[in-house]
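J.: The opening residue of the sequence shown carries number 4 in the working numbering; numbering runs sequentially from there. Note that beta-carbon positions come from the ideal geometry of N, C-alpha and C, so glycine has one too. Source: prediction; values computed, not measured. Let me begin by handing over the structure; questions about it come next.
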Amino acid sequence: MKPWLRWTLAITLSLSAWAVLFPASTELPPSGSPPAIPAVPAEVSNDRPGPVDAGLALPAELPRPRLEPAAFDPFEGVKPPAPPVAVAAPQVAVVPAPTPPPLSYRFLGRVKDPDGRTHVYLSHEGKDLPVAKGSPLDEGYVVERLEADAVLVYYPPLDFHTQIRIPLADAIP
4 MKPWLRWTLA ITLSLSAWAV LFPASTELPP SGSPPAIPAV PAEVSNDRPG PVDAGLALPA
64 ELPRPRLEPA AFDPFEGVKP PAPPVAVAAP QVAVVPAPTP PPLSYRFLGR VKDPDGRTHV
124 YLSHEGKDLP VAKGSPLDEG YVVERLEADA VLVYYPPLDF HTQIRIPLAD AIP
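Structure representation (structure tokens):
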């Protein structure tokens, strides 16, 4: 143990023994300090004969404080407010406009026969198809007419017109 701890322990034991053997004196405090407050008896009885100091007498019944009901139960905790109820706006069913099926044909080439007639070929899923005005195609398309720079096709169920472009190198002037 460190020496300063031993000295501290010895002084504490000495002061404790002194306090037990020589209790504090009951002398009056020196002048200039506030006067001591006299001890109040634990129970004052109004049945005792003789004068009773009015400051020490207790009332026969104490007024009861008025209690108001609690604002909430402290054992339940604070409940969060209910979430606002969202009123759904009436849903308007938007039906998308029907669209024709994708046109998966592409221009393959153009050939002139010895008689001077021009034949146009389209390619579809690896097959070569000769087309002319009024030729039906898969997916419901019909060839409307053949022009120098495009093959115009028509989709009758939706009255839809579109075209298959012919590259400029193959266009006939």
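By DSSP, does L70 sit in helix, in strand, or in coil?
T.: Residue state, collapsed to three classes: coil.
J.: Alpha carbon to alpha carbon, how far is M4 from A73?
T.: 59 angstroms
J.: How do the region 119-130 and the region 61-72 stand: do at least 3 beta-carbon pairs fall below 8 angstroms, yes or no?
T.: no
J.: To the nearest angstrom, how far is the alpha carbon of P62 from that of A22?
T.: 41 angstroms
J.: Under 6 angstroms Cβ to Cβ from V145, same chain only, skipping five residues before and after it: list those, please.
T.: P139 and Y157
J.: Could you give the DSSP three-state label for P139: helix, strand or coil?
T.: strand
J.: Which residues does DSSP list as the beta-bridge partners of P133?
T.: Y124
J.: Let me confirm a value: V88 is counted as buried when at least 16 other C-beta atoms fall within 10 Å, else exposed. Which label applies?
T.: So V88 ends up on the exposed side.
J.: Looking only at its own chain, which residues have a Cβ that is under 8 angstroms from the Cβ of E147, when we skip the five neighbours before and after it?
T.: K136, L155, V156, Y157 and H164
J.: What does the Cβ neighbour count give for Y124, buried or exposed, with the cut at 16 atoms within 10 Å?
T.: exposed
J.: If you compare alpha carbons, which of A27, L16 and P160 is closest to T102?
T.: If we check each option's Cα against that of T102, P160 comes out closest.
J.: Hey, would you say I109 sits closer than 8 angstroms to I167, going by beta carbons?
T.: It is worth fixing the name first, because residue 109 is Arg in this sequence and not Ile. It is a contact, given that the beta carbons lie within the stated cut-off.
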